[in-house]
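Asker:
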Amino acid sequence: MSGRRTGGRNIRGPHSALTDFLAANNISAAQIRADYNDRVRQAAQQNGTTNGDGTNAPEVQAEGEEVTAPAAAPAPEEPEEDEFPVVDTSRKRKRKSDGKAKEKAKKKAKKVKKGGSHDDSDFDIDRDMYKKAKKLPGQMENCEICEKRFTVTPYSKTGPDGGLLCSPCGREIAKDAKKEQKPKPNQGRKRRKAESDRLDHRVNRGTRSLVETCIDVVAKHHADVDGLGELPRSLLNKLSMIFSKKRVLNPKTLRMFLKSGLDGLELHDCANLEAEDYKLMFATIPLGESFVLKNAGQFKNETMDYMAQKSKKLQHLKLYAANLVSDKSWCNFFGLRGENLKSLQLEWMDDSFSDDTIKYMTETCPNLSRLKLKHCRKVTASSIPQIATLSNLQHLSLELTCDLPCERFIDLVSKIGANLSTLSLARFSGTDDEGLNGANDLFLEAIHNNCNKLQKLRLSYNDACSDAGFAFLFSEDWKNPPMLVVDLSSTRDIDNANPTGPEEAIGLASEGFKALMKHSGSKLRNLNISSCRHIPHKAFMDVFDPSSGAEYPELRNIDLSFCGAVDTVTVAGIFKTCPKLERLVAFGCFGVEGVVVPSGVLLIGAPKAQDEIVQVGMGGVSVDMALGGMLEKSQE
Amino acid sequence: MTSNAPPSGQTDYVTLVSCDGFEFKVQRSSAEIAEAIRRMLDPRTGFYEAIHNRCEFSDITGLVLEKVVEYLYYNEKNKDAKEVPDMEIPPEMTLEVLMAADFLNV
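Below is the structure:
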């Protein structure tokens, strides 16, 4: 029968792209149509209408349609039917569906107009006829679970069998659903947060301090806070840090921090502040002595001039990325406030702050004791002699991109080196082959001969200083007392043609490292020797050898990432010889594995650590226990 | 040192008093988590607080002090636990708790 039917009905609609697509994907419109007809016929039979042998398919459809329309809900079948160009769809039906669509559209429009009110009760009449209607908001209904009578709201939940639930039952259901859903997405986020906390130096044990907890709550509800009251400056700074970190420091939240009695303000991300906000800041804090304004992109000439006029007590200024301030405005500021200025720290100045401005600064700011210039593109080597005239300078940090001839720095160190307690020269490295630019052994010698008050020394990213140079610098006859912070990271040579490195060590290596630890080991707090590739295993073993009585009582932070020679034994030695160790960074040290970390210590980045990148010390694990555990592991 | 020790000696519980007169009897070990309270109660100092095992805070209200005490116990309970969630603090009293926490050094 069916074969006859399909043979007899060769109805072809227009040949569309869709038809082609369906044919290509082996979807047969005829098959679908046949299925549909079967369904219609079945429905007709159920209704007791006999229908001959169904030779006349169009009739069947039309008739069946008429009969079934009131009985079965055609809604799900509709789209399927509409897709195919069945010529013989009855007019009636068409009209009906048209009417339905119109009604729906009307309803939508009404909804929009009334803002979602549901009081038009006469919609979807046809659906109401086939099944029990869902009650609308505002109507009464019996709860599906507890059978209590309740008023339906738009938030009423649907029960397991499709009925509505009263709000207590709905809540229960929602809770269960949440429990089922939760674990998956949450776990990843939790782990992510734990890792990020650890990298923020937050040892993830015990509770956080109440102050930190409160500050987080304040930052979370920053929109509702009107004022901070009489918080002390230290707390204000902490708050402003968290606000910056969460990127909620904006003109509105800035108002909270402004109080006339303050002696300064620290804002670590001013990206959202406009020139007017800065003016307000300087107007409300006329007694401000120190300002820290980072990412101050909208700090303009007018702001600068305003600050120069208002802030008569200004002594310390840290201003990052203030690229809209012209040289003229800087000179005006130095002319007015230079006399009192004690520290000036500038970063990310691309287009202003030239050598001439520096010259003017050195003339007008004789009392400058701290100077930091980082990523200031217009500053060139010719400013170095100018800086060397600042006789009160104690802290000097430079990270410049231009070529810096070494002899000028030797000159600088010989002039003001004796006063310096901070000397930080990052990327002070030459690009020429003759080695005239950047730090070299002669410069190290100059430091050795002139500096005797250094507490912090940074000479990172250098490829000219040799191991012997460092060994000489830290040799026993250096008059400098032990230093607190030393950063000699990335003092090494990189040559793509020679990836294993030069045969003779460049940068800190065996002798230099030993001399450094001998000189400063007793007071050293922070040590960064990451990427010092030439320090051999033996040097580490000698330096961190508990059996020889070596001890570094103050050492808290060590970074020895990418020092290839470091292995588990070295790390164990460090744990043993540094009682106050808080944080050991060991990215890329592939020899470190199976470490048991003593409590209170963060070991970050050991790549072969089994479970996590950061291993936090376990509670109650003493150094000896940790070492014992490691031994066992290595024997296994 | 023992010669001028108070007759009462060191009790297991100490009393924290708020400015509006609420008294909280708190385990000494918990109370001493707060650096400031620990110093107040240090018998070597001979402070009034150390002798009478009683600290009065003229700037902290009972509500806030209650929250602080809650934290002290919370802290002690979770001393060795891992991944402890932060204690809930109602936003409206956070600033006051923050001031108190800063003062007490917790």
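Chains as they are written, first to last, in UniProt numbering: chain A, 1 to 636; chain B, 1 to 106.
Even glycine gets a Cβ: it sits at the ideal position worked out from N, Cα and C.
Predicted, not measured: the structure shown is a model, and the values here were computed from it.
(1) Who are the near neighbours of D42(B) in its chain, counting only those whose CB is closer than 7 Å to its CB and skipping five residues on each side?
(2) Hey, is M99(B)'s beta-carbon within less than 8 Å of any beta-carbon in chain A?
(3) Tell me, please, whether the CB atom of I51(B) is closer than 8 Å to any CB atom in chain A?
(4) In the DSSP output, which residue or residues are listed as bridge partners for C376(A)?
(5) In the DSSP output, which residue or residues are listed as bridge partners for L293(A)?
(6) Please report how far the alpha carbon of T11(B) lies from the alpha carbon of Y48(B), in whole angstroms.
(7) Could you spell out the range, first to last residue, of the alpha helix (DSSP H) harbouring V571(A)?
(8) Can you list the residues of chain B that T213(A) reaches, using a CB-CB cut of under 7 Å?
(9) Grouping DSSP H, G and I as helix and E and B as strand, with all else coil, what is F57(B)?
(10) What residue does the beta strand (DSSP E) around S397(A) start on, and which one ends it?
(11) Taking a Cβ distance cut-off of 8 Å, strictly less, list which residues of the UniProt domain "SKP1 component POZ" (13–76) of chain B are near chain A, in chain order.
(12) Please compile the residues from chain B whose C-beta is within a distance smaller than 7 Å of the C-beta of G229(A).
(13) Tell me the DSSP bridge mates of I506(A)?
(14) Does chain B have any CB closer than 8 Å to the CB of T207(A)?
(15) I'd like the ranges of any beta strand (DSSP E) spanning at least 3 consecutive residues and lying wholly in the segment 466–554 of chain A.
(16) Considering only the alpha carbon of each residue, which of A44(A), P137(A), L165(A) and D224(A) lies closest to E92(B)?
(17) Which same chain residues end up closer than 6 Å to Q139(A) when comparing Cβ atoms and leaving out the 5 residues on each side of it in sequence?
(18) Should P553(A) go down as buried or exposed, given a rule of 16 or more other Cβ atoms within 10 Å for buried?
(19) Work out the CA separation of P154(A) and S244(A) for me, nearest whole Å.
(20) Report the neighbours of P232(A) on chain B: residues whose CB is nearer than 7 Å to its CB, in chain order.
(21) Determine the closest residue to L368(A) out of I358(A), L390(A) and S382(A), with distance taken between C-alpha atoms.
(22) Evaluate contact between the segment 475–488 of chain A and the segment 496–505 of chain A, counting only Cβ atoms and requiring at least three cross-stretch pairs below 8 Å.
(23) Taking all protein chains shown into account, decide if C402(A) is buried (16 or more other Cβ within 10 angstroms of its Cβ) or exposed.
(24) In three-state terms, what does DSSP make of K179(A)?
(25) Look at the alpha carbon of D86(B) and the alpha carbon of E172(A), and state the distance between them as a whole number of angstroms.
(26) Which whole-angstrom value is the C-beta distance of V97(B) and K67(B), which I expect to be below 8 Å?
(27) Kindly say whether H221(A), judged by its beta-carbon, lies nearer than 8 Å to any beta-carbon of chain B.
(28) Beta carbon of K294(A), beta carbon of Y278(A): below 8 Å?
(29) Output the distance between the C-alpha atoms of P251(A) and L267(A), rounded to the nearest integer angstrom.
(30) Measure from the alpha carbon of A471(A) to the alpha carbon of each residue in F544(A), G159(A), L444(A) and G605(A), then state which is nearest.
(31) Would the beta-carbon of A388(A) fall within 8 Å of that of K415(A)?
(32) Cutting at 6 Å between CB atoms, please list the residues of its own chain near A322(A), excluding the five before and the five after it.
(33) Examine chain B for any beta-carbon lying closer than 8 Å to the beta-carbon of L258(A), and answer yes or no.
(34) Cα-Cα, which of L65(B), V14(B) and R44(B) is closest to G21(B)?
(35) Strictly under 8 Å for the Cβ-Cβ distance: is D216(A) near chain B by that measure?
(36) Could you tell me which whole beta strand (DSSP E) segments of length 3 or greater appear in the UniProt domain "SKP1 component POZ" (13–76) of chain B?
Answerer: Let me lay it out:
(1) Taken in chain order, the residues that qualify are A50.
(2) Yes, M99(B) counts as interfacial toward chain A.
(3) Chain A contact via Cβ: absent.
(4) In DSSP, C376(A) forms a bridge with M349(A).
(5) BP columns for L293(A) point to L267(A) and L319(A).
(6) The straight-line gap from Cα to Cα measures roughly 15 Å.
(7) Where V571(A) is concerned, the enclosing alpha helix (DSSP H) stretches over T568 to T577.
(8) Neighbours of T213(A) on chain B, chain order: D86, M87 and I89.
(9) If DSSP states are grouped into helix, strand and coil, F57(B) belongs with coil.
(10) Element bounds for S397(A): H395 to E399.
(11) Those would be V68, Y71, Y74 and N75, in chain order.
(12) Residues of chain B passing the Cβ test: L95.
(13) For I506(A), DSSP records a beta bridge to S466(A).
(14) Yes, T207(A) lies at the interface with chain B (some Cβ there is under 8 Å from its Cβ).
(15) Correct list: 485–487 and 526–528.
(16) Taking only the C-alpha atoms, the option nearest E92(B) is D224(A).
(17) Counting only residues of its own chain and dropping the five nearest sequence neighbours on each side, Q139(A) has a CB closer than 6 Å to the CB of V152.
(18) Exposed: under 16 other Cβ atoms inside 10 Å.
(19) Answer to the nearest angstrom: the Cα atoms are 40 Å apart.
(20) The answer, in chain order, is D102.
(21) Comparing Cα positions, the closest option is L390(A).
(22) A contact is defined here as three or more CB-CB pairs under 8 Å, and the segment 475–488 of chain A fails this definition with respect to the segment 496–505 of chain A.
(23) C402(A) comes out exposed.
(24) Helix.
(25) As the crow flies, the alpha-carbon of D86(B) is around 26 Å from that of E172(A).
(26) Contact holds; Cβ gap of about 5 Å.
(27) Residue-level contact by beta carbon holds for H221(A) and chain B, with a gap shorter than 8 Å.
(28) No, the pair does not count as a contact, with Cβ atoms beyond the cut-off.
(29) Distance between the alpha carbons of P251(A) and L267(A): 12 Å.
(30) Taking the Cα of A471(A) as reference, the smallest distance to any Cα among F544(A), G159(A), L444(A) and G605(A) is reached at L444(A).
(31) The answer is yes: Cβ separation under 8 Å.
(32) Excluding positions up to five away in sequence, the list reads A296 and F299.
(33) For L258(A), not one C-beta of chain B is nearer than 8 Å to its own C-beta.
(34) Ranking the options by Cα distance to G21(B), first place goes to L65(B).
(35) Closer than 8 Å to some Cβ of chain B, the Cβ of D216(A) qualifies, so yes.
(36) Whole beta strand (DSSP E) segments, 3+ residues: 13–17, 23–27 and 54–56.
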